[in-house]
Every structure is written in structure tokens, then in C-alpha cells.
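For the sequence shown, our numbering gives the first residue as 8, with consecutive numbering after it.
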Amino acid sequence: LLIHPGAVVIIPLISDHEIIMLKQYRPGPQGWILELPAGTLEAGEDPRDAAARELLEETGYRAGEIRFLFKMYSSPGISTEMLYVFLARDLVYVGEDHQEDEMIEIVRMGIDDAIEMIRKGVVVDAKTIASLLYYISLVKESA
């Protein structure tokens, strides 16, 4: 069993129709994948604070509003990792602060385009797929 402190996933909304995704090199698939900003909780860190920190570190944006959406286990058969998913709105660009070991390209795209990329198998990251489909089906229409 892999003991994990948990992590956050952020859906950064530029507008009602546009989001920020990251094109990031990942060693598991040994290639670049498109995913939402995310990161590991630090010891004792509140998930909302972690979401704000990761959003700033990975995208250079601060959010006026960070709203908790849902939580899920990433892989309950082998890990204790709980993912906390947040929606970030009212974004203001203040500058990127990537960690040295992160290879990240920021990609702005329409949310409908992101959903189409899931449909076509271009987006293959599980946390991104679950988070965006949750948002589209349960949040966007009622927001």
C-alpha cells in the first residue's frame, strides 16, 4: 500500500467557456500529456490552500474564488491518495513560479475543446477526465 498525503486538482476558469490546462512531461507514460493543474498536499496543509499554491506555482494565476467540488481516491486498490478537486474563478495573472524539475507548458483552451479531446483519447489523465466531466455534467449547468 502506498501511503500518500493527498493531492489537489484545480479547474482554472478563464471564462465560462475557457480553461487553463497544462502540457507536462510525465515519466510514467514517458511523454507529454495534457492535464489540469494539480499537486501534492504538504504536511498539515489545508486542501484549499494547496489548490491556491499549486495554481500559482504551475500557471502564474491567483484566483479570487476557489470552490471545493468533490473528492475521490486516485487508485484505492494500491494507495491512500485522496484527490480534492477545486474550481478556480476570477483569475489574475501574477507570474509563473515553476519548480525547477517541472517541465510545463500552459495551454488555454475552450472547455468544449477539452471535452472533445477526452472523447478522442487525446486527454488520458484520469484526474483530469474525472474532474472535467464532473464539472460539465454537475456544475456548469447549475452555476
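Glycine included, every Cβ here is placed at the ideal spot set by N, Cα and C.
In angstroms with no decimal places, state the Cα-to-Cα distance between residue i and residue j.
| i | j | result |
| --- | --- | --- |
| methionine 116 | leucine 48 | 27 Å |
| alanine 95 | leucine 20 | 6 Å |
| arginine 60 | lysine 127 | 31 Å |
| leucine 140 | valine 92 | 12 Å |
| leucine 8 | arginine 55 | 26 Å |
| valine 146 | leucine 90 | 18 Å |
| proline 83 | alanine 14 | 14 Å |
| tryptophan 39 | glycine 51 | 31 Å |
Tell me the residue span of the alpha helix (DSSP H) that contains residue i.
| i | result |
| --- | --- |
| aspartate 56 | 54 to 66 |
| lysine 134 | 133 to 141 |
Below 7 Å CB to CB, which residues in the same chain sit around residue i once its five sequence neighbours on both sides are set aside?
| i | result |
| --- | --- |
| valine 130 | Leu41, Ala121, Met124, Ile136 |
| glycine 35 | none |
What span of residues does the beta strand (DSSP E) with residue i cover, start to end?
| i | result |
| --- | --- |
| alanine 14 | 14 to 22 |
| alanine 45 | 45 to 47 |
| methionine 124 | Methionine 124 -> not in any beta strand (DSSP E); alpha helix (DSSP H) instead, spanning 118 to 126. |
| glycine 38 | 38 to 42 |
| alanine 50 | Neither: alanine 50 is in no beta strand (DSSP E) and is coded neither H nor E. |
Between residue i and the rest of its own chain, which residues show a CB-CB distance below 6 Å, the 5 nearest in sequence each way excluded?
| i | result |
| --- | --- |
| threonine 87 | Ile10, His11 |
| methionine 79 | Leu90 |
Report, in whole angstroms, the separation of the C-beta atoms of residue i and residue j, which I expect to be a contact under 8 Å.
| i | j | result |
| --- | --- | --- |
| alanine 58 | isoleucine 17 | 5 Å |
| leucine 76 | tyrosine 142 | 7 Å |
Could you pull out every residue in the same chain whose Cβ sits closer than 8 Å to the Cβ of residue i, ignoring the five residues on either side in sequence?
| i | result |
| --- | --- |
| histidine 24 | Gly117, Ile118, Asp119 |
At least 3 beta-carbon pairs within less than 8 Å: the region 133 to 149 vs the region 43 to 59: yes
Are the region 23 to 36 and the region 110 to 128 touching by the rule of at least three beta carbon pairs closer than 8 Å? yes
Is it a yes or a no for the region 66 to 73 touching the region 91 to 103, going by three-plus beta-carbon pairs under 8 Å? yes
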